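These notes concern the structure reproduced below.
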């Protein structure tokens, strides 16, 4: 099994099942330029939706308070996009 990227959800496994089936888990967050171009094209033409991959979009005015909320664990988010054109 190859786990690519991360998610905000907790992932649970049954280790006995994995061990009995001799499953190997590999992880990766690295990709090639060609893979990045292909993914960008799929996002651009609507073949894949990236909305589920982010928790929220904020403007620059909210950046300071959002960082503070994350630092003090008042916000439980994994991916927050900053839109510099908003606000």
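In the numbering used here, the protein residues as written are 4 to 90. Each residue gets a CB set at the ideal place from its N, CA and C atoms; glycine is no exception. All figures in this text were calculated on a predicted structure; none of them were measured in a lab.
**Asked** Measuring CB to CB, does residue 30 end up less than 8 Å from residue 56?
**Response** No, they are not a contact pair.
**Asked** What is the rounded straight-line gap between the Cα of residue 58 and the Cα of residue 70?
**Response** Those two C-alpha atoms are separated by around 14 Å.
**Limits of the unbroken beta strand (DSSP E) element including residue 83** = Counting along the chain, the beta strand (DSSP E) containing residue 83 begins and ends at 83-86.
**Item:** Those runs of the beta strand (DSSP E) which lie wholly inside the stretch 6-50 and span at least 3 residues
**Value:** Here the runs fully enclosed are 29-31.
**Request:** For residue 79, name the three-state secondary structure that DSSP assigns.
**Result:** Correct three-state label for residue 79: coil.
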